[in-house]
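There are 2 protein chains.
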Amino acid sequence: METVTQTSGTKPKVVIIGGGFGGLYAAKALANQVVEVILIDRTNHHLFQPLLYQVATAGLSPGDIAQPIRHILRDAKNISVIMAGVEGIDPVAKVVRTTTRDYPYDFLIVATGARHSYFGHDDWEMFAPGLKSLPDALELRRRILLAFETAETARDESSLQAALTFVVIGAGPTGVEMAGAISELAKRTLVDDFRQIRTGHARIILLDAAPRVLPTFTPGLSKSAHEQLKQMEVEVRVGTKVLNVTGEGVQLENEFISARTVIWAAGNSASPLAKQLGGETDRQGRILVNQDLSVPGHPQIFAVGDITNFSHQTGQPLPGVAPVAMQMGAHAARNILELAQGQPSKRFKYFNKGNMATIGRNKGVADLNVIRFGGVAAWMSWLLVHLVFLVGLRNRIQVFIQWIWAYFTYARGARLIYGPFKPAVPPAEQRATNER
Amino acid sequence: METVTQTSGTKPKVVIIGGGFGGLYAAKALANQVVEVILIDRTNHHLFQPLLYQVATAGLSPGDIAQPIRHILRDAKNISVIMAGVEGIDPVAKVVRTTTRDYPYDFLIVATGARHSYFGHDDWEMFAPGLKSLPDALELRRRILLAFETAETARDESSLQAALTFVVIGAGPTGVEMAGAISELAKRTLVDDFRQIRTGHARIILLDAAPRVLPTFTPGLSKSAHEQLKQMEVEVRVGTKVLNVTGEGVQLENEFISARTVIWAAGNSASPLAKQLGGETDRQGRILVNQDLSVPGHPQIFAVGDITNFSHQTGQPLPGVAPVAMQMGAHAARNILELAQGQPSKRFKYFNKGNMATIGRNKGVADLNVIRFGGVAAWMSWLLVHLVFLVGLRNRIQVFIQWIWAYFTYARGARLIYGPFKPAVPPAEQRATNER
Chain Z
80 METVTQTSGT KPKVVIIGGG FGGLYAAKAL ANQVVEVILI DRTNHHLFQP
130 LLYQVATAGL SPGDIAQPIR HILRDAKNIS VIMAGVEGID PVAKVVRTTT
180 RDYPYDFLIV ATGARHSYFG HDDWEMFAPG LKSLPDALEL RRRILLAFET
230 AETARDESSL QAALTFVVIG AGPTGVEMAG AISELAKRTL VDDFRQIRTG
280 HARIILLDAA PRVLPTFTPG LSKSAHEQLK QMEVEVRVGT KVLNVTGEGV
330 QLENEFISAR TVIWAAGNSA SPLAKQLGGE TDRQGRILVN QDLSVPGHPQ
380 IFAVGDITNF SHQTGQPLPG VAPVAMQMGA HAARNILELA QGQPSKRFKY
430 FNKGNMATIG RNKGVADLNV IRFGGVAAWM SWLLVHLVFL VGLRNRIQVF
480 IQWIWAYFTY ARGARLIYGP FKPAVPPAEQ RATNER
Chain C
80 METVTQTSGT KPKVVIIGGG FGGLYAAKAL ANQVVEVILI DRTNHHLFQP
130 LLYQVATAGL SPGDIAQPIR HILRDAKNIS VIMAGVEGID PVAKVVRTTT
180 RDYPYDFLIV ATGARHSYFG HDDWEMFAPG LKSLPDALEL RRRILLAFET
230 AETARDESSL QAALTFVVIG AGPTGVEMAG AISELAKRTL VDDFRQIRTG
280 HARIILLDAA PRVLPTFTPG LSKSAHEQLK QMEVEVRVGT KVLNVTGEGV
330 QLENEFISAR TVIWAAGNSA SPLAKQLGGE TDRQGRILVN QDLSVPGHPQ
380 IFAVGDITNF SHQTGQPLPG VAPVAMQMGA HAARNILELA QGQPSKRFKY
430 FNKGNMATIG RNKGVADLNV IRFGGVAAWM SWLLVHLVFL VGLRNRIQVF
480 IQWIWAYFTY ARGARLIYGP FKPAVPPAEQ RATNER
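Chains as they are written, first to last, in this note's numbering: chain Z, 80 to 515; chain C, 80 to 515.
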């Protein structure tokens, strides 16, 4: 494979785009090595996405699950962190163009992830927002909390019902977590706080076109998750196709569900940077990377995490989860260090330690390859793993205290709506000018 | 004074507008009494405003200093909390009109506070935002943190200097706290995190037209505060008039200060509801209330907190601080309970326990009437009092841990900018459509 000849005395320049799990673990593997690294992200923080649903459901504050990227990497003196939007990559000139400056590279790691996708129905986004970023989470929190406020002053039975109906579309881990957390909010946290409504009467409906919840888990664990969701009074409807989403609710094949709050947890599409590199992409826009994670045709460019389709290991794409991105990021970084020394790059191999999903208090499923289990043990394993991987000791302490507190009181510490009362769905013309 | 005749069996209806210190302490005094209470606020939370500057300077998260009003009052079964915007008061029909419904009242407590005012220069707000609400605090946090990010990628010396210059206009408690906190951020918290800039070289300039900082304190304490600010490398300029504020900086009489970040901490004007009641208002738009806190001409309407000018006690208006609002709220509530029983209302008397201001780590001033002191003792007293008065045990624990953590590490737990990189001052047309 190609190596880069350096003029004497200068270190190879590595640019990393994206400060999520992939980009951050790449940067950590390059820290204090003989390379000069620039990490570019359009936000100033690394977001611990697995806990994002807890921000959306008022359990945690944004600051609890986000850390400034430059603070995480402060001891890596060979790494500069730049907050800027990337406008394009020029693989011929070997330059990354941003909103502030252009950054030349010898090696590039693209780790810009994915956003949720609406399978061609982008107009649904306004009525059924998804959950990828902190602004997304705060928007969902606003809608969920406002639904109960709206119900409290509803003038008629039908608007009361619509306000107390929550539809979650997509029964993967995010959808299951959201449905479970909204159920706890309605049926536990809020019950004493309202005078006109019974929040416990709220309907939480979890829809998926697939035949079972958590389809990436084993059928046995799906069944367990389904049972646990029913215990929490979540209405699970699998094998159910969504035909349309409007400001009034969700149209199914045989039924219209009136709902003020609809949440999108189905489908992803890769970051648009994937297309710019000219290589082959899959249906979700993901780059079909080489075995060493390089981008076909560009031996100096590596792609890691949710932007990639890596099917070499199992014949199926690796799932879009944090451990895959972390291992890919570190591997791409090690390959760059090898190439910079004239050594060949190595194949990537994902080491799968297992999968877990939480459903709610004392509820979850875990597949640790050798054993599989559901219920309280799975839930506790989930809590423990997420606490350990959360970046920053202070955040770990804060989150731990909030979880303990919530366990004993059912209270949630971040039940606030920023700013004044606004409609759930702002007028189209206003949305257009608000940058996401 | 007038009493309200009730039809038999119905309890007097009390409406409270505003869930700040005044409204909340009124509600607490009416909890589980023989009245029916509706508290209306346009947000869903009570905000502990004395710590708002710590949200603006990335020390605390919004959830740490805000609690849902209905959760605080959940055990007061005679109180309903309504999230709605108030559109007007009809004192003849005795109705409060809101964005959702109209609420009739027998007694009304108006506790809608004040916002910052620009002395007729409303166009300055875009360039020098103030600090009253959570959206204000998040906007200031965004600007302050983005200033350092912008400096890191600055292309020339003059834009670098402007990015690292912070001007705080107004040297009352809020201005002093903001200047001190930005100094700590620049000169301690951020020093290891940047590669191109020395954040310690940032200039923090505190301006006031008055001849001394903290003019509501004694001259001795003002002098102490001034000295402590100088120790923190804050440039204090008293007796300095601001002639203009633009996107480029601040125009003084003899000098233009180029600054990317300008913060407004001078001047208040009362909530516009004050004017609607037809009584006399002062230059800041505050209601000149009667001795019993009722509004002249409306014996069933009381006004409390920052919306009032109460000069009966000292000849000067009572200051716009939390203890005044708390005592006024409770007093108005007790007067309503007296009036409802056919008893006369009583004069309000403010019991002043003292004044404190914090400046920074180990720095502050305190006037406890019998003794006055500055430095570490004042700072610790300030921390203790604010921790005790903060609403909610969980919030107290969270804030306490963050303060301890910050004390030993200099780190700040909420250093995040929501969403992608945006200009400090968005284009005018975009601002117009974004509700504050």
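Quick reminder that beta carbons are idealized off the backbone N, C-alpha and C, glycines included.
Computed from a prediction, not measured in an experiment: that's the story for all the values here.
Chain-order list of residues whose beta-carbon lies under 7 Å from that of residue i (same chain, five-residue window excluded)
| i | result |
| --- | --- |
| alanine 193 (chain C) | Asn347, Ser348, Ala349, Ser350, Asp385, Ile386, Gly399 |
| aspartate 215 (chain Z) | Pro208, Gly209 |
| glycine 357 (chain Z) | Gly376 |
| leucine 462 (chain Z) | Trp482 |
| phenylalanine 198 (chain Z) | Gly346 |
| leucine 322 (chain C) | Gln330, Leu331, Glu332 |
Residue(s) in a DSSP beta bridge with residue i
| i | result |
| --- | --- |
| tyrosine 182 (chain Z) | Z:Val175 |
| valine 467 (chain Z) | Bridge partners of valine 467 (chain Z): none, in fact. |
| leucine 131 (chain C) | Answer is none; leucine 131 (chain C) lacks a bridge partner. |
| valine 114 (chain Z) | Beta-bridge pairing links valine 114 (chain Z) to no other residue. |
| leucine 367 (chain C) | C:Asn388 |
| methionine 162 (chain C) | C:Asp120 |
| lysine 92 (chain Z) | Z:Glu115 |
Helix, strand or coil at residue i [DSSP, three-state]
| i | result |
| --- | --- |
| threonine 387 (chain C) | strand |
| isoleucine 144 (chain C) | coil |
| leucine 152 (chain C) | coil |
| proline 396 (chain Z) | coil |
| valine 255 (chain C) | helix |
| alanine 288 (chain C) | coil |
| valine 246 (chain Z) | strand |
| asparagine 474 (chain Z) | helix |
| histidine 305 (chain Z) | helix |
| aspartate 235 (chain Z) | coil |
| methionine 80 (chain C) | Caution is warranted here: a pLDDT of 38 is assigned to methionine 80 (chain C), below 50, making its placement in the model unreliable, and the coordinate value is therefore given only provisionally. Three-state result, methionine 80 (chain C): coil. |
| leucine 462 (chain Z) | helix |
| arginine 282 (chain Z) | strand |
| proline 378 (chain C) | strand |
| serine 373 (chain C) | strand |
Chain-ordered neighbours of residue i on chain Z, where CB pairs are closer than 7 Å
| i | result |
| --- | --- |
| tryptophan 484 (chain C) | Arg473 |
| proline 398 (chain C) | Simply none; closest approach about 27 Å. |
| alanine 145 (chain C) | Leu495 |
| arginine 362 (chain C) | By Cβ distance, chain Z contributes nothing, its closest Cβ being about 27 Å from arginine 362 (chain C), past 7 Å. |
| leucine 224 (chain C) | Asn123 |
6 Å Cβ shell around residue i - same chain, five flanking residues per side excluded
| i | result |
| --- | --- |
| alanine 281 (chain Z) | Leu243, Ala265 |
| isoleucine 283 (chain Z) | Phe245, Ala258, Ile261, Ser262, Val313 |
| leucine 307 (chain Z) | Note that residue 307 (chain Z) corresponds to glutamine in the displayed sequence, not to leucine. Answer for glutamine 307 (chain Z): Ile438, Lys442, listed in chain order. |
| glycine 471 (chain C) | Gln146 |
Identity of the residue in the options nearest residue i by Cα
| i | options | result |
| --- | --- | --- |
| leucine 293 (chain C) | C:Val315, C:Ala145, C:Asn369, C:Met311 | C:Val315 |
| arginine 221 (chain C) | C:Lys107, C:Val470, C:Val341, C:Asn123 | C:Val341 |
| aspartate 371 (chain C) | C:Ile95, C:His465, C:Ala412, C:Pro147 | C:Ala412 |
| alanine 436 (chain C) | C:Val171, C:Gly164, C:Ala258 | C:Ala258 |
| valine 94 (chain C) | C:Gln392, C:Val313, C:Asp169 | C:Asp169 |
| glycine 439 (chain Z) | Z:Lys428, Z:Gly408, Z:Met311, Z:Glu228 | Z:Met311 |
| tyrosine 497 (chain Z) | C:Lys92, C:Leu187, C:Ile144, C:Val113 | C:Ile144 |
| alanine 135 (chain C) | C:Glu334, C:Arg365, C:Leu225 | C:Leu225 |
| phenylalanine 245 (chain C) | C:Leu103, C:Asn157, C:Ile336, C:Val171 | C:Ile336 |
| isoleucine 148 (chain Z) | Z:Ile117, Z:Gly138, Z:Arg176, Z:Leu139 | Z:Ile117 |
| phenylalanine 127 (chain C) | C:Ile223, C:Leu213, C:Asp202 | C:Leu213 |
| lysine 92 (chain Z) | Z:Pro183, Z:Leu103, Z:Asn123 | Z:Pro183 |
| aspartate 120 (chain C) | C:Gly142, C:Leu131, C:Thr278, C:Val160 | C:Val160 |
Proximal chain C residues relative to residue i, where beta-carbon distance stays under 8 Å
| i | result |
| --- | --- |
| glutamine 477 (chain Z) | Gln477, Ile480, Gln481, Gly492 |
| histidine 280 (chain Z) | Simply none; closest approach about 17 Å. |
| arginine 153 (chain Z) | Asp271, Asp272 |
Interface partners of residue i on chain Z, CB under 8 Å
| i | result |
| --- | --- |
| histidine 150 (chain C) | Asp272, Ala490, Arg494 |
| arginine 451 (chain C) | Ordered by position in chain Z, no residue passes the 8 Å Cβ test against arginine 451 (chain C), which lies about 35 Å from the chain. |
Per-residue contacts from residue i into chain Z (C-beta, under 9 Å)
| i | result |
| --- | --- |
| proline 141 (chain C) | Ser140, Pro141, Gly142, Ala493, Leu495, Tyr497 |
Chain C residues whose Cβ lies nearer than 7 Å to that of residue i
| i | result |
| --- | --- |
| serine 54 (chain Z) | No statement about residue 54 (chain Z) is possible, as the shown extent of chain Z runs from 80 to 515 and does not include it. |
| histidine 124 (chain Z) | Leu495 |
| phenylalanine 179 (chain Z) | Correcting the residue identity first, residue 179 (chain Z) is threonine in this sequence and not phenylalanine. Those are Thr232, listed as they occur along chain C. |
Cβ-based neighbour list, residue i, same chain, cut-off 8 Å, excluding 5 preceding and 5 following
| i | result |
| --- | --- |
| tryptophan 484 (chain Z) | Ala490, Gly492 |
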